[in-house]
Every structure is written in C-alpha cells, then in structure tokens.
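So the sequence lines, in the order shown, correspond to chains P and G. Quick note: the first sequence uses numbering that gives the first Met the number 0, first residue 0, plus one each step. Quick note: the second sequence uses numbering that gives the first Met the number 0, first residue 0, plus one each step.
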Amino acid sequence: MPPVLSAENLVKRFPGVIALKGVSFDLLPGEMHALCGENGAGKSTLIKTLSGLHPAGSYEGEIRVEGRVVAFANSKDAEHAGIGVISQELALVPEMTVAENIFLGNEPRRAGGWFIDWEKISLESKRLLDRFGLNIPPDAVVTDLGIGPRQLVEIAKALSKDTRILILDEPTAALTEQEVDVLLDMLRDLKKRGMALIYISHKLDEVFAIADRITVLRDGQSIITLETARTTKNEVIRHMVGRPIEDLFPRRAGRSGAVKLSVENLSVSENGKPRLEDITLQARAGEVLGIGGLMGAGRSELLMHLFGAFGARTGGQATLDGEALGPGQTPTESIRRGLVLVSEDRKRFGLVLDLSIGFNMALSSIEDVARGPGVLGLINEAEETRRNAESFDSLRVKAPGLDTAVGTLSGGNQQKVVLGKALRTNPKVIFLDEPTRGIDVGAKLEVYELINRLTDAGQAVVLVSSELPELMGMSDRIVMLAEGCIGGVFTRAEATQEKLLAAAMGGELQKV
Amino acid sequence: MSPTSPTPARAAASFRALALPAALLALGLFFTLRSPEFLSARNLSMLAIEVSITAVLALGMFLIILPGHIDLSAGSGVGLIGGLSAVLIFEYGWPAPVALLIGLVAAAGIWLGMGSIIVKERVPAFIITLGGLLVFRGLHWLVIHNATIPVSRGGETNIFSSLTTYYIPPTAGYVLAALVVLVLAVAGWRKSRLPGADGEKIFLQTFLAGQLILLFVLICNAYRGVPLPALVLAVVTFVIHTLTRQTPFGRYLYAIGGNEEAAVVSGVPVAKVSIGAFLIMGIIVAITGFLQTAYAGASTTTVGTLMELDAVAACVIGGTSLKGGRGTVFGVLMGALIMAALLNGMTLLAVSPEAKYIARGGVLALAVWADVRLSRR
C-alpha cells in the first residue's frame, strides 16, 4: 500500500537554529503513527511543516500526499489536501456555540450562498457528535465546556472538513483519565473508518496502547521507525534520549544553607475559585527545589502568586529571608527584595519582542544605573552598555549585537535574554518556570550549567518543569503538586519516575 | 561584540527617518512655488508659532500613546484651561501669573484623575477621554458663557497675552542659539564616547541640528526675533526627549507599550508610570491651552477644537505606533511640522476650509498607510 503522506529529508532552518536536520517518515492508510521525542526534538516544527504553517519554499525536502509532491502555501492548502491538525493550543472561539465552531469559516449556505444555513449547521453537527457517541449538545457555548469536551469538539471540527489525515499534537496533555479513554476510543473508531492518524504524545503508555508504528525524533532528525508490536518502551526511550541521562543533566549538588523562601499552609484563589490549597515548602540557599505536576496542577500559579502576579491569598503565609512575603506585594517589590521570576511563556511574560536585546536585558535593573530620584533618574548609558555587554558575553547569546531586536532570535537565545534580565536584579531566590521549554539541546545544557553556577553562588533556585527527567536530573529536592495540593515531597535519591507520577496523580493512584 | 548589522527593521527605520524630512521639503517646495510668500520671514515666524503649539501638544500625546493609551480630550482641555485662566483675569481681575498657575494645577489634577481611572480601574482610555472631550467642551463653554473672553483686561499686555506676541530680541536670540548648540555639542561628544557608538553619524547629526537652529534664528531675526512659543517648544522637547530616552520612566513607557504583561513581570511599576504620563499630559495641555488661547487673542468656543486629532496625527505621521511601544521625539516633531506646514501653506493659498479638512485627512491616512507598509516585515 502506498503511503498517504510522506516526508523525505525535511530540513527547516530558523535564524540561529536548525530545527529539522533531515526528517523522513511515511504514514500508511488507516494507520496510527506516533511521533516521539523530547521537547525540542523537532516534533512541532515537523507538524507545522506538514500542515502548511511553514509554507513551501521555507524548508528543504519533499512532502508527498498520496504519492504526489505537494507545496502548501498556507494551512488552508493543507486542509484542502485532507490534512487536519489538532494542536496543543485549541483553536476554538470560546464565545461561540459548539455547532458554530465546528462550521466556522466553512458554513453551509442557502438561498444561493447569501445566507448561512443555520438549520443544516445544527443538524450536521448533531449528526457528527452523535456518530462518535459524544454527549455534547451542539448549542452549548464553548466557554461552558471543560478541556476534554473542547478537544473532542476540535476533532469533530476537523472531521466536518473531509479530513483524511488527522494530526494530533499532545491531545491528552490536559485531559483527565476518563476523558483520555473517550478520546482514544474515538481515535480507534476513526482508524477503523480508514483515517490515517499522526499521534504525538509524551505519554508512552498511550502511544503503546494505540499506535501501530512509532517514529523517534531526536535533535531534529528522524532516528528510527519501530513497529509497536515488536518494540519496548525502554527501546523507544533509549532512542529518544540517545545518550546516558547523567550527561544531559550536569547537576552539581552544592551545600545547602539557610532557608531563603518559606511557604506555610498557603491557599490561593483566583476569581473566587480555589487554585492552591495548603501548600508548605522551603527553598534553601545553594539548592534547587524542583516543582512538578501535571498540567493544571498549579505549578506556575504557585510561582506567580508568590511573585505577586497571580490570585488572592486565602490562607497561610510566605516569607522571603525571614520577612513576610505578601499578600498583595507587587512584582516590583518582589524584585527589589531579591525574588525574581522567569516565566514559562517568555513571549508573553518575558520579552518586549520589538525592542533590542540591550533594552530587554536592562529592563528590570535599569534603575540601578540611573542617578537621581527613582524612575526619573538619569541613566548612565555607558554603564548600562557595559553591563549589557557583560551579560551578553557571559550568557553566550548568539546574535549580531545588543541592538538586535529580541523577536528575531531563536528560542534559546530569547531565553538567555530573559535569564540575563532576571539575573541582573541580583536575586536571592530565582523562580525558573520551564526554563528549557522550546529550546534546543545545546542551549538547555547552558541553562543547566547556569543553574549550577547560581546555586554555587549561594542563590536558591526553584525549578518548575513538566519533564520528569529534567526535574529528577536537576533538583536537589522535588515537590509534586496534584490539583493545587502537595502530592508528595522527595529527595533526589528517593525520586523515581513512577513515584513522581503517582504523586502527581494524587492519592487515588498512589496505591498502585 | 560585532557592531550592529542592518536588519530589515533597521533599514525601514532609517528610511522613515529620511522620508519625513523629504516629505517636508517637498511640501515646502510646493508651497514656495505656488506662493513665494511662504518662505518670507514673516510667514515663517507665524509658522514657527503654529508648529510650536501643535508640537507641544503632540509631545504630550506621545507620552500617552507610547504606553498604548490615547487622549481624545486634549483639544477640549486646551480650550477649557485657556478659557478658565482668561476668565479669572478678564472677569475677576486676578493677576495673570496666578490665573495661569491655577489653570496649570487644575489641568494637572484633572489628568491625574483621568489617568488613575484609566490605569487602576482598567477603563479604556479611548472611552474615558472621549467622555472628557465632551465634558471639558461643555465646561469650557459654561466657564466662558459662550462669549469671547480676552486674555487681558482693557487691551493691556500681561504674561498671558505676551505668550505669542513676545519675540526674543535678536542678540538674545543669537546667544540662546549658541548656548543650545553648545549643549548639543557636549551631549553629542559624550554620546560618541559610548562603546559601539557611531561617532561620524553623531557628529553629522549634531552638526546638522546646529546649522538648522542657527538658520532658524537667522530667519526669525529677519522679522522680529525668535517667537516665545518656539522657546517653549525647545524646553518641552528637551524635557520629553530626556524623559523618554534617558530615564527609567521612559524605558518603562516603551516596555509597557511593547508588552504590558512582560513589563509587569519584569518589575516595571506600570500603574505609577502610566499615571505619571497622564499627569505630564495635563501640564502640557495647560501650556498648550495658554499658547493657543493667547494666539487667538481670546477664549472663544472654538479654541482647541480638533487639536487632539492634530496631535495624534503628528505622532502617527512621525512613526509612533498607536499600539504603543514605538516612536521617537524627532518623528513627532517632524509630524507636527508637516501638519502645521500643510495648514499654513493652504491658508496662504486661500484654500477653502472644506478642501483643507480633506487634504489634512488625506495626508494622515496616506502617511499611516505608508508607515504600515514599511514596518511590515
């Protein structure tokens, strides 16, 4: 049987980074093909290339659909070729109903194309949802649905468009156990009807439960394609990592000193909804405290709240260097007192993308080089430039110069700019929220080395990561959060993937 | 570290920097050919006053637009504050300096209030200042009871009336110009000593600026001397330039406009800085109100009408992004010059008012369209 979709030797370059260095794989009709690889291995780039988000001409190599070479200029072209994508970020309009979303941009018309055929929309979407036994009313507004049903609506939307190839990018990342089961059943059903699927997931259990074949990506290359029936999880992991874990996480444990940050019985709510409950933890000088948990467990919320940028405190207390931290302090005050946050979403919370590297690096500490009253002091530009150059060199930012706009840099270099900005405030406690997300392996190592240097210098690092190997590799102690509560606390020696996962899933699974 | 290499954005920026003077030159040439009177010392002095008034308000508007806000109430505020001080002098016989001070304090207070509502309560500036536009116009007419209120009693001269009638004596003008050029030279010299600075470019810029200032004083002195509003503009320009370029306050304005959420997480005191920008805008509205009312000779119901739009237009033509985070003082000055020269030239050519509106609107739309095309990468 000829493949319905194939990629041959795809190479995709970004300024400063080669995201794909030669990826080949093929998708057979009625097959479920899983793509596995670490963050930054090139999975997202591959999907964007296959689905027309990186247009033809911006990459090298060939994409074939049913044997014919295709050149998608945009995602619409890919859609016409029968390729549908369910991405990590859902593309539903929250204020519209399920039915409206399913047919958005593709509305059936009546009266010669002048009017939208609402009746047909409502009937068709009902039929579509019923076909998969989805108990979702077509006239429900998307805002009222949970993440799981939204994901299913998204799939129904893709199916309304005569999709023959469905790509799912981490579809279960935010789903509960039952929702995952519903989703996997739906996918099996689709496969039976002849749909070819590409499935991307970090969760190997799911992959082994559903996929026919697995292609492993590493550092932008396709390493190997395995048949699920004839391989093991360990073999897949070995190909994904490609080297022993110790080399990947060069953590040098330091001497831990005094408690820098202490949190006791902290509870936080946002808009009246409780988000964190009864959190107690400590971070010591010279130590990396890892915080893990599933998506939605409240990891980022905890950091953002302590930093002063999220939610309202409903109980408990926090101290920084023995003095009360909040409630109600602003990020400006936190930074002044030696607490700094590097957000997981650097484009949204970290950088002013249109402005220069120098501007961004100096932003949090600019008042340090100004003479005079506070914000109205006169900036000593010579000193500012000197410090910028120092950060630029010591973090090994790869860019033409300090004047380069941050938006043109690769993910790893952008992250270095955010880190540089944070470190320039001379913090005592540093919150790093997913500091290696979306950056390549080389830059990751540099971030890990930086963490070592910080703890060597007696600073306390709080590291949030959704990658368990990273969490285990870099933390001296690990706190797992489960649905806003503490699920378990582990020392570096105690921690295993299984224990951490069980703690992240909360009490019910701990027995297993 | 290597010196900066040209990027598309940089090339577009330098093209923009050249496009504005070129447009201005073309405009001047056109008006001169149609009416040689345009380049006369007398007209240029008038133009200097008009530009100064527009530019002062535009520089205030610049501080509001940089963090991504807008002020539609500025024009009405100009009328109200000028009218308030005029009434205090003409009807209550208060000394002019006291009346001006009261106007200044009132404006600062009003804009502080508006800024606090906009920033702290998160009501869009568009709505609050649209309300302000209407409320201040009504208050203005109420204060002057729809009459014409002269800025001085019995035709005598006071500090208010002299704002646009006083000319700096020629000798003093030269001395002042020399001082300004000296300050520029020192600033340029210090800037060129920064690591990575392009000394040649800085020298050329400083040299050109010095030449233009001397030329300007020369032309003004051929009439009656440098008009006072030009001096006011020079001071306001210096202050705004220093604020935006050399203080954390200015950095924060750019950061807030560029990415407010990132600014918050970076520790930028967003509320304090944004409200501060409105406070400064209040002071600038008052100054513009005094200048514009003095230029009209009296407060009437039409003083200040549509000035907010001229100010926004000057900013936008000068390359300020309405979304915030981008723009320069130089661009705003150029934008104000283009808007004022256009109006002045058309008045000389006796263009009908309806055609004037259409031309100004057309230039604004055209300039922004060109700018959007240029900044698209």
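Note that CB positions come from ideal geometry on N, CA and C, so glycine has one too.
Among residues of its own chain, excluding the 5 on either side of residue i, which ones have a beta-carbon nearer than 7 Å to its beta-carbon?
i, result
"L520(P)", "Past the boundaries of the shown model lies residue 520(P); chain P is included only from 0 to 511, so the question cannot be answered."
"G457(P)", "G256, A284 and G285"
"C484(P)", "E276 and D277"
"S1(G)", "A caution first: S1(G) carries a pLDDT of 36, below 50, which makes its placement in the model unreliable, though a value can still be read off. Once the five neighbours on either side are set aside, S1(G) has no close Cβ partner at all."
"M345(G)", "K355 and A358"
"S474(P)", "V287, L288, G289, L462 and R491"
"A208(P)", "L183"
"V417(P)", "V341, R345, G349 and L350"
Please list, in chain order, all residues of the same chain as residue i whose beta carbon is under 8 Å from its beta carbon, the five residues on each side excluded.
i, result
"N379(P)", "V368, A369 and R370"
"K510(P)", "Low local confidence applies: a pLDDT of 36 at K510(P) is under 50, so the model's placement there is unreliable, and no value is given."
"E366(P)", "G373, V374 and G376"
"V3(P)", "L26, L27, P28, V64, E65, R163, I164 and A195"
"V179(G)", "I212 and A233"
"T53(G)", "M306, D309, A310, A313, A335, M338 and A339"
"K346(P)", "L352 and Q413"
Can you name, in chain order, every residue of its own chain whose Cβ lies under 6 Å from the Cβ of residue i, other than the five neighbours on each side?
i, result
"L19(G)", "M333"
"T318(P)", "S261 and L324"
"N157(G)", "A95 and S151"
"E61(P)", "E7 and V68"
"S273(G)", "P66 and V118"
"C219(G)", "S44 and V225"
"Q496(P)", "L467"
"V367(G)", "V315"
"R251(P)", "N451"
For the beta strand (DSSP E) containing residue i, list its first residue and its last residue.
i, result
"I223(P)", "Q220 to E226"
"D25(P)", "V16 to L26"
"V512(P)", "Beyond the ends of chain P as shown, which are 0 and 511, falls residue 512(P); an answer cannot be given."
Mind pulling the chain G residues with CB within less than 7 Å of residue i?
i, result
"K420(P)", "S265"
"D44(P)", "Before going further, note that residue 44(P) is Thr rather than Asp in the sequence given. Within 7 Å Cβ-Cβ: nothing; T44(P) doesn't reach chain G, min ~20 Å."
"A317(P)", "The premise fails here: A317(P) is roughly 18 Å from chain G at the closest Cβ pair, so nothing lies under 7 Å."
"G209(P)", "Rather than Gly, the amino acid found at residue 209(P) in this sequence is Ile. By Cβ distance, chain G contributes nothing, its closest Cβ being about 38 Å from I209(P), past 7 Å."
"P330(P)", "V263, V264 and G266"
"G291(P)", "The contacting residues do not exist; G291(P) stays about 22 Å from chain G at best."
"S363(P)", "S265 and G266"
"D353(P)", "G257, G324 and R325"
"A308(P)", "V263 and V264"
"Y334(P)", "The question names Tyr, but residue 334(P) in the sequence shown is Ile. Simply G266."
"A369(P)", "T246 and P247"
For residue i, report the span of its alpha helix (DSSP H) as first-last.
i, result
"T403(P)", "It is not in any alpha helix (DSSP H) - T403(P) carries neither H nor E in the DSSP assignment."
"M504(P)", "M504(P) -> no alpha helix (DSSP H), and no H or E assigned at all."
"S121(P)", "W117 to R130"
"D277(P)", "First-last for D277(P): K272 to R283, but that is the beta strand (DSSP E), not the alpha helix (DSSP H)."
"Y58(P)", "Not the alpha helix (DSSP H): Y58(P) falls in the beta strand (DSSP E), residues Y58 to V64."
"M185(P)", "E176 to K191"
"S237(P)", "Note that residue 237(P) is Arg in the sequence shown, not Ser. First-last of the alpha helix (DSSP H) with R237(P): K232 to V240."
"V215(P)", "It is not in any alpha helix (DSSP H) - V215(P) instead sits in the beta strand (DSSP E) that spans R212 to R217."
Give me the chain P residues within the contact set of residue i, using Cβ-Cβ distance strictly less than 9 Å, ordered along the chain.
i, result
"P194(G)", "A381, T384, R385 and A388"
Along chain G, which residues have their Cβ under 8 Å away from the Cβ of residue i?
i, result
"L350(P)", "N258 and A261"
"R347(P)", "N258, E260 and A261"
"I356(P)", "The premise fails here: I356(P) is roughly 10 Å from chain G at the closest Cβ pair, so nothing lies under 8 Å."
"L377(P)", "T241, Q245 and T246"
"L305(P)", "Correct list: empty, because the minimum Cβ distance to chain G is about 13 Å."
"L340(P)", "V264"
"V374(P)", "T246, P247, F248, Y251, P268, K271, V272 and G275"
Heavy atom of the ligand NAP less than 7 Å from the Cβ of residue i, yes or no?
i, result
"Y447(P)", "The ligand NAP is not part of this structure, which contains no ligands at all."
Give me the chain G residues within the contact set of residue i, using Cβ-Cβ distance strictly less than 9 Å, ordered along the chain.
i, result
"E366(P)", "P247"
"A110(P)", "None at all; the shortest Cβ gap to chain G is about 37 Å."
**chain P contacts made by the stretch 221–249 of chain G, where a contact means CB separation under 7 Å** = Using a CB distance below 7 Å, the part of the stretch 221–249 of chain G facing chain P consists of Q245, T246, P247 and F248, ordered along the chain.
**Asked** In the stretch 251–279 of chain G, which residues sit with their C-beta less than 8 Å from some C-beta in chain P, listed in chain order?
**Response** Using a CB distance below 8 Å, the part of the stretch 251–279 of chain G facing chain P consists of Y251, Y253, A254, G257, N258, E260, A261, A262, V263, V264, S265, G266, V267, P268, K271, V272 and G275, ordered along the chain.
**Asked** If you measure beta-carbon to beta-carbon, which residues of the stretch 309–336 of chain G are closer than 8 Å to chain P?
**Response** Taking a C-beta cut-off of 8 Å against chain P, the contacting residues of the stretch 309–336 of chain G are G324 and R325, listed in chain order.
**Any beta strand (DSSP E) of 3 or more consecutive residues that is wholly inside the stretch 396–471 of chain P** = Listed in chain order, the complete beta strand (DSSP E) runs (minimum 3 residues) inside the stretch 396–471 of chain P are 428–432 and 459–463.
**Request:** Taking only runs that begin and end inside the stretch 213–255 of chain G, name each unbroken alpha helix (DSSP H) of 4 or more residues, in chain order.
**Result:** List check, alpha helix (DSSP H) in window: 227–245.
**Asked** Counting only runs that start and end within the stretch 144–221 of chain G, where is the alpha helix (DSSP H) found for 4 or more residues in a row?
**Response** The stretch 144–221 of chain G contains these whole alpha helix (DSSP H) runs: 158–161 and 169–191.
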